[in-house]
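Asks:
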Amino acid sequence: KNQVEQSPQSLIILEGKNCTLQCNYTVSPFSNLRWYKQDTGRGPVSLTIMTFSENTKSNGRYTATLDADTKQSSLHITASQLSDSASYICVVSDRGSTLGRLYFGRGTQLTVWP
Amino acid sequence: EADIYQTPRYLVIGTGKKITLECSQTMGHDKMYWYQQDPGMELHLIHYSYGVNSTEKGDLSSESTVSRIRTEHFPLTLESARPSHTSQYLCASSSPRTTNEKLFFGSGTQLSVL
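Below is the structure:
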């Protein structure tokens, strides 16, 4: 069964600290992996998209890594800010038609305290 | 900034009422989607469309219906709302002409059925 598992389920850090969120998947075949940020009560916003051949991609203070062999991805947030408080969702797409089938994780709820 | 809009943002209605959730995008995207999301859970695809006059059911069994008469408009209708329909509904759109077919989400409609 194709699945996307994220850890931890929730995380609290102090402003200015770094953190790393994990995503493990069993989706096969694999096309790409996306990280989204979802503020409370809003829709998800894309942070990064990585294909099979990419193992790292940055977007400002967000850096995503991908190990397609072990089927693991991480999202590293540097120098956290209060506005980083949100749910971070890992989404994996399988091959096939364009966009393929999307498999969503349940997200990691990050809270940044001052 | 995504140009995809959902109305209303919040809706509280009584059981048995008919409701329509609106979704519009100004990006000219062919593909549009409706997702349902409960707190702390993954997004579930309930309907999608690959273009005008094209609609398909998603993975999650839903008592809702959709229509796609115009490219920019993808409304979702519940003929008779029930408390089990209480959830957040997210509309999204994408285009195969964009790199890695990025998915853009609206801000969502939080529906509460009493």
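Heads up: the sequence lines are chains P and L, in that order.
Following this note's numbering, the numbering of the first sequence begins with -1 at its first residue and continues without gaps.
Following this note's numbering, the numbering of the second sequence begins with 97 at its first residue and continues without gaps.
Heads up, the beta-carbon is just placed ideally off N, CA and C, and yes, glycines get one too.
1. Using the beta-carbon of each residue, which ones in chain P are nearer than 7 Å to K153 of chain L?
2. Please confirm whether S91 of chain P and L31 of chain P have their CB atoms less than 9 Å apart.
3. According to DSSP, what are the bridge partners of F28 of chain P?
4. Given this structure, state the Cα-to-Cα distance separating P135 of chain L from L80 of chain P, to the nearest angstrom.
5. Does Y106 of chain L pass the burial test, meaning 16 or more other C-beta atoms within 10 Å, or should it be called exposed?
6. If I follow the unbroken beta strand (DSSP E) through S8 of chain P, where does it start and stop?
7. In angstroms with no decimal places, state the Cα-to-Cα distance between T46 of chain P and D99 of chain L.
8. Please list, in chain order, the chain P residues whose beta carbon lies closer than 7 Å to that of G202 of chain L.
9. Using DSSP with H/G/I as helix, E/B as strand and the rest coil, what is L210 of chain L?
10. Among L:Y146, L:Q132, L:S157, L:S158, which has the Cα closest to the Cα of R166 of chain L?
Replies: Let me spell this out:
1. Within chain P, no residue comes near K153 of chain L; the closest Cβ sits about 14 Å away, beyond 7 Å.
2. yes
3. For F28 of chain P, which the question treats as bridged, DSSP gives no partner whatsoever.
4. 21 Å
5. exposed
6. 8 to 12
7. 19 Å
8. G41
9. coil
10. L:Y146
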